[in-house]
Structure formats: C-alpha cells, structure tokens
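Residue numbers (my numbering), protein chains in the order written: chain A, 45 to 307; chain B, 12 to 523. Please read the structure below before turning to the comments.
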Amino acid sequence: MASKLLTKVGAIRDPKIARNPNPLLNATRRLFSHRPISTPPHSPPSSPPDNGKNAHKKSKPTSSLKDLELAKFSAIADSWWDSEGPFKPLHAMNPTRLAFLRSTLCRHFRKDPHVARPFEGLKIVDVGCGGGILSEPLARMGATVTGIDALEKNINIARLHAGLDPVTSTIEYCCTTAEKLVKEQKMFDAVIALEVIEHVADPAEFCKSLSALTHPGGATVISTINRSMRSYATAIVAAEYLLHWVRLLYLDSCALALLKTVV
Amino acid sequence: MNRAITRKLAAAATNAYQSKVLRKNLCGGANASAATSTQINNHIHEDKQSFTHTVHPYDIAIVGGGMVGMALACSLATTPLTKHLNVAIIDSNPALGSKVSIKKEDPPDPRVSTVTPATISLFKDVGAWQYVQQHRHAYFDKLQVWDYTGLGYTKYYAKDVNKDVLGCVVENKVLHSSLFSRVEDTDFQKTIHPSRLTLMSLHPSSSSTVESSSSTEASYVNGCLAKLELSDGSSLYAKLVVGADGAKSQVRQLAGFKTTGWNYSQNAVICTVEHSVENQCAWQRFLPGGPIALLPMGDKFSNIVWTMNPKEAADCKSMNEDDFVKAVNHALDYGYGPHPKSSLLASADMFSWLGGNLVISANDSFEVPPKVVKLASARMAFPLSLMHAKDYASRRVVLIGDAAHAVHPLAGQGVNLGFGDAFALSRIIAEGIAVGMDIGEVSLLKKYEAERKPANVTMMAILDGFQKAYSVDFGPLNILRAAAFHGAHHISPLKRSIISYASGEQRLPLFS
Numbered sequence: 045m046a047s048k049l050l051t052k053v054g055a056i057r058d059p060k061i062a063r064n065p066n067p068l069l070n071a072t073r074r075l076f077s078h079r080p081i082s083t084p085p086h087s088p089p090s091s092p093p094d095n096g097k098n099a100h101k102k103s104k105p106t107s108s109l110k111d112l113e114l115a116k117f118s119a120i121a122d123s124w125w126d127s128e129g130p131f132k133p134l135h136a137m138n139p140t141r142l143a144f145l146r147s148t149l150c151r152h153f154r155k156d157p158h159v160a161r162p163f164e165g166l167k168i169v170d171v172g173c174g175g176g177i178l179s180e181p182l183a184r185m186g187a188t189v190t191g192i193d194a195l196e197k198n199i200n201i202a203r204l205h206a207g208l209d210p211v212t213s214t215i216e217y218c219c220t221t222a223e224k225l226v227k228e229q230k231m232f233d234a235v236i237a238l239e240v241i242e243h244v245a246d247p248a249e250f251c252k253s254l255s256a257l258t259h260p261g262g263a264t265v266i267s268t269i270n271r272s273m274r275s276y277a278t279a280i281v282a283a284e285y286l287l288h289w290v291r292l293l294y295l296d297s298c299a300l301a302l303l304k305t306v307v
Numbered sequence: 012m013n014r015a016i017t018r019k020l021a022a023a024a025t026n027a028y029q030s031k032v033l034r035k036n037l038c039g040g041a042n043a044s045a046a047t048s049t050q051i052n053n054h055i056h057e058d059k060q061s062f063t064h065t066v067h068p069y070d071i072a073i074v075g076g077g078m079v080g081m082a083l084a085c086s087l088a089t090t091p092l093t094k095h096l097n098v099a100i101i102d103s104n105p106a107l108g109s110k111v112s113i114k115k116e117d118p119p120d121p122r123v124s125t126v127t128p129a130t131i132s133l134f135k136d137v138g139a140w141q142y143v144q145q146h147r148h149a150y151f152d153k154l155q156v157w158d159y160t161g162l163g164y165t166k167y168y169a170k171d172v173n174k175d176v177l178g179c180v181v182e183n184k185v186l187h188s189s190l191f192s193r194v195e196d197t198d199f200q201k202t203i204h205p206s207r208l209t210l211m212s213l214h215p216s217s218s219s220t221v222e223s224s225s226s227t228e229a230s231y232v233n234g235c236l237a238k239l240e241l242s243d244g245s246s247l248y249a250k251l252v253v254g255a256d257g258a259k260s261q262v263r264q265l266a267g268f269k270t271t272g273w274n275y276s277q278n279a280v281i282c283t284v285e286h287s288v289e290n291q292c293a294w295q296r297f298l299p300g301g302p303i304a305l306l307p308m309g310d311k312f313s314n315i316v317w318t319m320n321p322k323e324a325a326d327c328k329s330m331n332e333d334d335f336v337k338a339v340n341h342a343l344d345y346g347y348g349p350h351p352k353s354s355l356l357a358s359a360d361m362f363s364w365l366g367g368n369l370v371i372s373a374n375d376s377f378e379v380p381p382k383v384v385k386l387a388s389a390r391m392a393f394p395l396s397l398m399h400a401k402d403y404a405s406r407r408v409v410l411i412g413d414a415a416h417a418v419h420p421l422a423g424q425g426v427n428l429g430f431g432d433a434f435a436l437s438r439i440i441a442e443g444i445a446v447g448m449d450i451g452e453v454s455l456l457k458k459y460e461a462e463r464k465p466a467n468v469t470m471m472a473i474l475d476g477f478q479k480a481y482s483v484d485f486g487p488l489n490i491l492r493a494a495a496f497h498g499a500h501h502i503s504p505l506k507r508s509i510i511s512y513a514s515g516e517q518r519l520p521l522f523s
C-alpha cells in the first residue's frame with residue numbers, strides 16, 4: 045500500500061508521465077516541474093445509488109476489493125480492543141501517532157503542549173475510527189471528538205468501549221462516510237484519517253472530502269502505514285511527505301482548482 | 012473542590028447538550044434522538060447525584076505515605092502534565108499530614124538513609140532538596156572499605172571521579188518531611204486517608220449489575236476504576252493504585268503478585284553514636300558475621316549499621332551501653348583481625364601496568380575510623396532479607412520501593428532504588444497523559460516495569476553477591492577478596508565505574 049503511494053509520488057516527479065488525469069496529482073506535478081500543464085477536466089464516473097455501506101468508496105471495478113476489505117474488518121471487529129490480538133501493531137504504534145498529533149496540532153492551533161488537555165475547544169473528526177483506538181485518547185486530551193466509520197459493527201464496538209469511561213463517553217460515533225458529512229455541510233477544526241486512505245477506492249476524491257470537512261485554517265491529517273517493519277519505515281516517510289504534500293497544496297491556491305475550499 | 016464540581020457539571024451539561032444535538036443531526040431518526048435525550052437526562056441526573064452522594068473517584072491512590080510514596084506524590088505535584096491529578100494517600104500513621112517540625116536540638120534518629128548523588132539530583136529537580144538542607148544532613152566525599160583479614164582495603168574519594176560528594180546521609184524523617192513540605196507548597200489535590208487498606212478489587216465480579224446508583228460505581232463495574240476498602244470502613248475508587256507500602260506490602264498481597272527471595276540469616280543493629288571529633292568519612296568493615304558501617308551524620312554524630320546473626324544482634328541490643336560502645340570500637344579497630352597494610356608504593360607498582368592513570372589520592376593510606384565516645388540513641392534491630400516481586404505491575408496496580416524489592420543494606424542502595432522507582436513512575440504517568448492514555452492501562456505500567464526491573468535486579472544481584480562473598484571465611488576466597496580490594500582501589504577505570512554505579516548513574520561497572 046505504502047509503496048503504491050511512493051511510486052505515485054515518484055511518478056509525479058517524472059515529467060514523462062502525462063497521462064494521469066487526476067487533478068490532485070497534476071497540481072503537484074505543476075509544483076515540482078514548474079511547467080504549465082493543461083488540466084483536462086476530470087469527472088469521476090458517476091457513483092451508483094448509495095447503498096449506505098461503502099458510499100465513500102466509488103463504484104469501480106475494484107469495488108469487489110472494498111467489499112472484501114470490509115468483510116475482513118468485520119470478521120475481526122470484536123478484537124479491536126484486544127491489545128494482543130490482530131490489532132496489536134495498531135495498539136503498539138498508537139502512542140507514537142498520538143505524540144505526533146499532539147505536537148503538530150498544538151503547533152498549528154497555537155495550543156500549550158504542556159497542559160494535560162491541550163485540545164480543549166477543538167472539534168475533531170476521526171474518519172475511519174474503527175473501534176475508537178484513536179478517538180478515545182483524543183477525547184482524553186480534551187477534544188470534542190466525532191468518530192465515523194463505514195462499518196456498523198465497528199461503531200457499535202467503539203460506542204460500547206467509550207461508554208465505559210465517563211471521559212470518553214462524550215465521543216459521538218456515527219456509521220457514516222466522509223462524503224455524507226460533506227453533504228450535511230459538517231465542518232471540523234481537525235480532520236484525521238489515519239490508516240484509511242489505503243482502503244479507499246479513490247484516494248483523490250477521499251482527500252477532497254476530507255478537505256471539505258476542514259474549517260479554513262484547520263488541519264487535515266492523513267497517515268497510511270503498513271504492517272511490515274520495512275514499509276513502516278518507508279511509510280513514515282510517505283506520510284510525512286504526504287502531509288507535507290497536502291500542506292503544500294494548501295498554500296498554493298492556484299494549483300487547487302478542485303481543492304479551493306482549503307485555505 | 013466546589014469550583015471543580017461546578018466546572019465538571021457545566022462540562023457535563025454542555026457535552027450532553029452537544030451530544031444531543033450532534034446525535035440528532037448525524038444519526039437521524041426520531042426514535043434515536045428520543046432515546047438519546049432520555050439517556051442524556053439520566054446522565055446529567057446521575058452526575059448531580061454522584062457529587063452529592065458518592066465519593067469522587069481519585070486518579071491515583073498511593074497506598075503508603077512513607078518516603079517513597081511521598082516522593083511519588085511530590086514528583087506528580089511538580090510536573091506540569093500531572094499536577095492536576097487528584098490523589099489519595101492512604102497511610103495509617105496519624106502523624107502524617109500534621110505539620111511535624113523537626114527541631115535542631117532533636118537527637119539524631121537512628122533511622123537514616125544514604126542518598127546517592129543521583130537521588131540528590133532527583134530531589135533537586137522537584138525542589139525538595141532545599142528543605143533537606145534546612146535540617147541535619149551530612150555530605151561525605153570519602154569512603155573506606157576493608158575487612159577483618161587485613162589483606163586489603165579500598166579508599167574512595169569523590170574527587171577521583173571529578174565529583175563533589177559520594178553521597179549524603181540524611182535522617183529518614185527529614186527526607187520524608189522535605190518531600191511533604193514540597194507537596195504542601197504546591198496546590199496539588201491530595202487527600203490523606205489515615206487508615207489501613209483492607210480490601211482491593213480491581214476486577215468487579217461478573218454478577219454485579221450495571222444498575223448502579225452513581226456514575227462512579229458504574230465506572231468501577233465497567234472496569235475503569237479500582238475499589239479500595241479501608242479499615243475505618245470507608246471506601247474509595249481510583250484509576251490507578253500504587254503500592255508504596257513497604258516490604259510487607261498489603262497491595263502486593265491483595266493484587267496477588269508473586270515474590271522470590273530469601274532471608275539472610277542476619278539482623279541489622281542500628282543506632283546513633285557520638286565522637287569527640289567530626290567524622291567526615293563513610294566507613295565499612297566486613298567482619299566474619301557481617302559488615303559494620305559507620306556513616307557520618309554531622310555535628311560529631313555517626314550512624315551505625317551492624318549486621319550480625321540474630322543471636323548476637325539480640326545480645327548487642329540488650330547489653331549495657333558502655334559494653335556496646337566498647338564492642339563497636341573493637342569491631343572497627345583491631346577486632347577480629349589486623350589492620351590492612353597501606354603499602355602504597357608496592358601495590359601501585361603492581362597495578363600500574365594495567366593501564367589508566369594511577370589515581371594517587373592525597374591521603375591514600377589506611378586510616379582507623381574515629382573512636383566512638385558514647386551512644387546517642389536507642390538501639391534497634393531488624394531482620395534482613397532479599398525480596399523481589401516477579402511483576403511490578405498489572406492492570407490498575409503498580410508497586411514501587413520496598414513493596415517491589417528489598418535488599419541488604421550493605422551498600423546503602425535500598426531507598427535509592429525506591430526513589431528511582433517513584434520518579435520513573437511519575438515520568439511514565441506524565442508520558443501516558445501526554446498521549447491520552449488511561450493511566451491504569453497495563454501497557455503503560457509495563458513500560459515502567461521494563462525500565463526499573465532490570466536496574467533493580469542488577470543492583471540486587473550485585474549486592475547479594477557481595478553479601479555471599481563476604482560471609483565465607485575461607486583462605487583462598489579471603490585472598491581473592493583482598494585482590495578485589497586492591498584492584499578496586501588501584502585500577503582507576505574500575506574505581507570510577509564502581510563509584511559512578513554506586514552513585515546511581517545507570518551504567519554497570521566494567522561496561523563504561
């Protein structure tokens with residue numbers, strides 16, 4: 045998964061590849077190659093009627109893969125909170141990603157990082173929250189957290205677990221998608237989608253939705269980390285690059301024909 | 012406290028309102044919103060009830076308000092990420108909490124500890140050392156160790172390792188009150204429960220229903236809190252229970268932690284003695300029955316820690332004072348064996364080829380400790396043993412100090428290990444709070460265990476090794492020990508390593 049992202053990034057740098065009609069990638073190419081590129085209008089294939097389950101994933105020949113992924117998560121949903129179970133690597137790396145979030149978001153929102161609850165007053169949405177492994181610590185850090193996931197089973201487990209502790213029982217869990225939230229015109233100070241983008245059929249559209257959910261001046265955080273140690277190392281590089289990439293896009297408004305809502 | 016309650020109520024109300032609104036908008040469905048609104052009303056009602064009826068749950072309950080428990084409280088109180096925590100200290104000592112003023116004229120207490128430079132710097136970090144300096148305390152920069160065979164001795168100077176002091180001898184009550192005074196300085200929320208722990212439940216029984224009268228009890232039933240019952244009939248809840256209640260730890264027992272260890276067939280007799288001159292050096296002589304240590308306390312006082320078999324200990328405790336003073340002087344001087352020869356040049360030549368700069372201290376020759384003039388306190392005797400808990404932590408409970416490990420006093424390390432535990436746990440709790448973890452989570456507490464256990468076990472093994480090596484009177488072994496003395500005295504890299512390890516820096520000797 046991560047290597048796919050890396051090659052995409054590599055592809056951007058190669059001026060020979062001109063066929064990719066994706067506007068996001070084109071915009072980045074512009075940034076790196078300093079050459080005007082005609083951006084052919086790209087309209088994604090019209091999505092099938094929303095069947096409620098995997099709405100934020102576009103129906104493409106790869107939709108069967110998405111069903112498989114959902115089924116895979118559904119099967120192990122009960123073990124979300126078993127720190128020795130199939131989600132062990134996620135639990136193990138959780139402190140690291142939370143430390144990163146803490147320092148980055150405190151810097152971005154000018155919050156004092158030395159208090160116990162630095163995110164007081166921040167509205168955060170955890171996209172693809174799963175069992176709530178990220179949402180609960182964010183709530184403990186003072187944020188007003190909304191967790192969304194495409195799988196009802198995950199939301200049920202997340203709600204159950206968060207309800208055990210008064211501090212985390214204020215988390216709002218909803219079985220919905222980023223796209224639906226955009227339609228409802230929800231906005232948040234910080235939009236966090238960790239380890240989600242690799243499960244999405246159309247990453248570019250997904251990014252569009254994420255940026256639409258973010259308040260101007262807010263922050264969008266995406267990570268994609270695989271489970272083998274080797275790609276963990278490379279994926280960190282990709283995530284940093286990706287984050288940097290998204291931030292670069294934030295700054296260059298000319299290149300953002302479709303991402304103009306992001307400031 | 013009232014401010015906290017109103018703030019919490021307000022927060023609960025706004026949260027409830029927000030959740031109500033969000034639920035309506037995001038999840039849709041008239042039924043859902045109706046259900047949630049009743050839930051939310053109940054929630055607010057429960058919160059109000061919980062503040063009037065049930066006791067507020069604590070974040071941490073420290074069982075045992077002694078030196079190590081108080082060090083933990085002090086460290087939590089002075090760290091930004093943890094100073095907001097609500098802490099209960101459970102200790103049946105009625106004097107805890109009352110402002111105990113230690114007067115200068117008070118005779119020195121025989122219960123003292125030698126704090127290493129590492130511990131001193133930890134105390135300075137939290138701002139408690141300034142209080143120690145207001146009372147009697149004695150730095151020492153000289154240490155002499157020898158045994159009864161007269162075959163060798165070791166003399167250490169702090170300046171050999173570019174340090175100012177090798178350690179400081181302080182009465183336990185001074186250490187304790189200094190830490191307590193520092194906590195009182197801050198506005199740390201601590202509640203002292205002058206009672207004893209009788210029952211502790213970490214996992215509620217499966218038969219308990221969720222139908223409970225307060226949110227606190229609901230949290231306990233959900234496994235978010237530990238429940239502690241005290242001997243005065245009261246009970247309290249906490250997210251984390253810290254066992255700092257000494258070698259006979261009740262917390263360790265109730266949590267079911269297994270221990271390993273053995274009794275040394277030795278007791279330690281301790282007392283304070285007086286000299287006619289100031290004593291500025293720490294002395295330790297290994298006798299056939301066990302070591303006798305003479306530690307400077309300041310004001311011409313010294314502390315004696317004399318390890319011997321239980322029968323002799325009983326004799327020493329009961330014999331009259333003059334006889335005891337004679338026995339002490341005998342043990343420190345010509346008793347049991349001759350003085351070692353301080354043949355400086357010969358030994359120095361022998362070891363010069365081993366490399367390193369030869370450290371020739373100013374007064375490197377063997378010295379006899381100052382004579383004891385009289386006894387200045389009552390004599391106490393304690394049995395000695397080694398004990399180590401197999402685990403330091405499990406869900407919602409963690410052990411620090413003597414509750415986790417007990418060592419032989421021969422190197423003055425025991426309470427220093429405990430202070431190391433306390434300050435490490437405080438730091439790890441702060442790190443957990445920084446990433447939004449539940450402080451009672453096993454993964455966090457195991458991080459503390461992974462840090463402290465190897466250090467403690469290593470030190471214990473070394474001390475136990477010394478104890479065993481010195482308890483055998485066997486010709487070849489005596490010579491080996493003498494060689495070890497010579498080596499430790501003359502090989503300066505080894506000397507530096509040993510001093511720095513004993514001073515609390517975390518490196519093993521030989522592996523610098």
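C-beta atoms are modelled at their ideal positions from N, C-alpha and C, and glycine is treated no differently. Here the structure is a predicted model, which is why all the values come from computation and not from measurement.
Asked, Found
"Run down chain C in chain order and give the residues with a C-beta less than 8 Å from the C-beta of Ser230(B).", "Absent here is chain C; the protein component of the structure consists of chains A and B."
"Asn314(B) by DSSP, collapsed to three states: which one?", "strand"
"Quick one, which of Cys327(B), Asn97(B), Leu488(B) has its alpha-carbon nearest Ala389(B)'s?", "Cys327(B)"
"Quick one: list the residues of chain A neighbouring Leu92(B), beta-carbon separation under 9 Å, in chain order.", "His158, Val159, Ala160"
"Between Leu410(B) and Phe268(B), is the Cβ-Cβ spacing less than 9 Å?", "yes"
"Whole angstroms are fine: how far does the CA of Gly262(A) sit from the CA of Leu287(A)?", "Interpretation of Leu287(A) is limited by its pLDDT of 49, a score under 50 that renders its predicted location unreliable; no figure is taken from the coordinates."
"Using 9 Å as the limit for Cβ to Cβ distance, is Ala143(A) near chain B?", "yes"
"Please list, in chain order, all residues of the same chain as Pro381(B) whose beta carbon is under 6 Å from its beta carbon, the five residues on each side excluded.", "His286, Val288, Asn290"
"Our contact map puts Ser206(B) next to Ile101(B) with C-beta atoms below 8 Å; I'd like the distance itself, whole angstroms only.", "6 Å"
"Could you tell me which chain A residues have their CB closer than 7 Å to the CB of Ile444(B), listed as they occur along the chain?", "Ala160"
"By the criterion of Cβ-Cβ separation under 7 Å, what are the contact partners of Ser127(A) in chain B?", "Ser454"
"I'd like to confirm the pairing. Which residues does DSSP put opposite Asn467(B) in its beta bridges?", "Asn467(B) pairs with nothing; no bridge assigned."
"With a threshold of 7 Å on Cβ separation, who are the neighbours of Phe430(B) within its own chain once the five nearest residues in sequence on each side are excluded?", "Val79, Ala82, Thr130, Leu133"
"Mapping DSSP to helix, strand and coil, what is Asp136(B)?", "helix"
"Closest to Gln145(B) by CA distance: which of Asp175(B), Gly346(B), Leu190(B), Asp136(B) is it?", "Leu190(B)"
"With a threshold of 16 other CB atoms inside 10 Å of the CB of Phe485(B), please say whether the residue is buried or exposed.", "exposed"
"Should Ala183(A) be flagged as near chain B, meaning a C-beta pair shorter than 9 Å?", "yes"
"Starting from the Cα of Ala324(B), find the closest Cα among Val172(B), Leu505(B), Ser188(B), Ala279(B) and give me that residue.", "Ala279(B)"
"Give me the DSSP bridge partner(s) of Thr270(B).", "Ala400(B)"
"Between Thr148(A) and Val265(A), is the Cβ-Cβ spacing less than 9 Å?", "yes"
"If you measure from the beta carbon of Glu196(A) to each beta carbon in chain B, is any gap under 9 Å?", "no"
"Would you list the residues sitting across from Gly301(B) in a DSSP beta bridge?", "Leu298(B)"
"Report the three-state DSSP secondary structure of Leu210(B) (helix, strand or coil).", "strand"
"Note down the Cα distance separating Phe335(B) from His158(A), rounded to an integer number of angstroms.", "57 Å"
"Starting from Ser226(B), find everything on chain A with Cβ-Cβ shorter than 9 Å and list it in chain order.", "Pro210"
"Under the three-state reduction of DSSP, which class applies to Phe131(A): helix, strand or coil?", "coil"
"Look at Ile236(A) and Cys251(A) and say whether their C-beta atoms are less than 9 Å apart.", "no"
"Which stretch, first to last residue, makes up the beta strand (DSSP E) that contains Asn97(B)?", "97-101"
"Report yes if the C-beta distance between Leu298(B) and Tyr159(B) is below 9 Å; otherwise report no.", "yes"
"The beta strand (DSSP E) spanning Thr125(B) covers which residue range?", "123-126"
"Report the residue from Pro321(B), Trp317(B), Ser329(B) whose alpha carbon sits nearest the alpha carbon of His341(B).", "Trp317(B)"
"Could you tell me which chain A residues have their CB closer than 7 Å to the CB of Asn233(B), listed as they occur along the chain?", "Leu208"
"Between Lys115(B), Tyr248(B), Val185(B), Pro105(B), which lies nearest to His67(B) when the distance is taken from Cα to Cα?", "Tyr248(B)"
"For the alpha helix (DSSP H) containing Val156(B), list its first residue and its last residue.", "Unbroken run through Val156(B) is the beta strand (DSSP E), 153-158; no alpha helix (DSSP H)."
"Nearest CA to the CA of Gly257(B): which residue from Thr283(B), Ala433(B), Ala106(B)?", "Ala433(B)"
"Please classify Phe232(A): does DSSP put it in a helix, a strand, or coil?", "strand"
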